[in-house]
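>
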Amino acid sequence: MHKASGAVTIGVLSDTHASSIAEISPRILEALASVDLIVHAGDFVTRDVLEGLKKLKPVTAVRGNMDSQEVTALLPDKEVFSVGGRKIGVTHGSGGPSGIARRVRALFDEVDVVIYGHSHVAQNEVIDGVLFFNPGRARESFGILTIGEEVRGETIPV
Numbered sequence: 029m030h031k032a033s034g035a036v037t038i039g040v041l042s043d044t045h046a047s048s049i050a051e052i053s054p055r056i057l058e059a060l061a062s063v064d065l066i067v068h069a070g071d072f073v074t075r076d077v078l079e080g081l082k083k084l085k086p087v088t089a090v091r092g093n094m095d096s097q098e099v100t101a102l103l104p105d106k107e108v109f110s111v112g113g114r115k116i117g118v119t120h121g122s123g124g125p126s127g128i129a130r131r132v133r134a135l136f137d138e139v140d141v142v143i144y145g146h147s148h149v150a151q152n153e154v155i156d157g158v159l160f161f162n163p164g165r166a167r168e169s170f171g172i173l174t175i176g177e178e179v180r181g182e183t184i185p186v
């Protein structure tokens, strides 16, 4: 992973569906140790995964539909934050895979990037000037977003 000078790298996960951080692929954990920020788009399942990620780097996260009551109580449905002058919206998503990009886009006003999960299907596509980024199910893939002069997403198979 090559990082341009001044760029911010974000490790993106979703749908870990794990009961402990030990269940997360060592390849993912190694990659996350070298990013600036971790974003998790929901379905941790347990708090142990959230706490384990926080030991690596700062974490921005939302809850998913499969999260425990404890995780659900800790995290919002959606989050908006800015990095490098770019506005990023994060949500888990809902419903079937057909039309999910349209549904998650409707949750945010002006954003440059929408990060989501739920469908277990990776997406790295600009639609109407907005990057839609789904890292896929964490047992199969994760993502790296690079925020600099431009916004670049990469989905990495596990």
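Take the position in the sequence shown, starting the count at 1, then add 28; the result is the number in the numbering used here. Glycine residues also receive a C-beta, built at the ideal position from the N, C-alpha and C atoms.
#1: So the alpha helix (DSSP H) threonine 236 belongs to, where does it begin and stop?
#2: Since glycine 157 and histidine 120 are thought to touch, with beta carbons under 8 Å apart, how far apart are those beta carbons, to the nearest angstrom?
#3: Can you list, in chain order, the residues of its chain whose CB lies under 7 Å from that of phenylalanine 109, leaving out five sequence neighbours each side?
#4: Rank Arg75, Gly176 and Leu65 by C-alpha distance to the C-alpha of isoleucine 40 and give the top, closest one.
#5: Less than 7 Å between the C-beta atoms of glutamate 153 and phenylalanine 160, yes or no?
#6: Tell me, please, which residues DSSP counts as bridged to phenylalanine 109.
#7: What three-state label does DSSP hand isoleucine 52 in the structure shown?
#8: Assuming proline 180 is part of the alpha helix (DSSP H), what are its boundary residues?
#9: Between aspartate 105 and aspartate 71, how many whole angstroms is the CB-CB distance? I'm expecting something under 8 Å.
#10: Start and end of the beta strand (DSSP E) containing alanine 89?
#11: Applying the criterion that 16 or more other CB atoms from any shown protein chain within 10 Å of the CB defines a buried residue, is serine 48 buried or exposed?
Based on what the coordinates show:
#1: Since the first and last residues shown for the chain are 29 and 186, residue 236 lies out of range.
#2: Numbered from 1 along the sequence shown, position 129 holds the residue referred to as residue 157. Numbered from 1 along the sequence shown, position 92 holds the residue referred to as residue 120. With 8 Å as the limit, glycine 157 and histidine 120 do not qualify as a contact, their Cβ atoms being about 23 Å apart.
#3: As a first step, residue 109 is located in the sequence shown; it is residue number 81 there, counting from the start. The residues are Thr88 and Ile116.
#4: Counting from 1 along the sequence shown, the entry for residue 40 is found at position 12. With the sequence shown as reference, residue 40 is identified as valine, and isoleucine is not the correct amino acid for it. Looking at the Cα atoms, Leu65 is the closest of the given residues.
#5: Locating residue 153 in the sequence shown gives position 125, where the first residue counts as 1. Locating residue 160 in the sequence shown gives position 132, where the first residue counts as 1. Cβ distance < 7 Å, so glutamate 153 and phenylalanine 160 count as in contact.
#6: The residue you call residue 109 lines up with position 81 of the sequence shown. Answer is Ile116, bridged to phenylalanine 109.
#7: Your numbering for residue 52 matches position 24 in the sequence shown. Reduced to three states, the DSSP call for isoleucine 52 is coil.
#8: The count along the sequence shown starts at 1 and reaches residue 180 at position 152. A small correction: the amino acid at residue 180 is arginine; proline does not occupy that position in the sequence shown. Taken as a continuous stretch (DSSP letters only), arginine 180 belongs to no alpha helix (DSSP H), being part of the beta strand (DSSP E) at 179 to 185.
#9: Counting from 1 along the sequence shown, the entry for residue 105 is found at position 77. Counting from 1 along the sequence shown, the entry for residue 71 is found at position 43. Contact doesn't hold; Cβ gap of about 13 Å is too wide.
#10: What you label residue 89 is simply residue 61 of the sequence shown in a count that begins at 1. Counting along the chain, the beta strand (DSSP E) containing alanine 89 begins and ends at 87 to 89.
#11: On the sequence shown, residue 48 is found 20 positions in, with the first residue counted as 1. Exposed.
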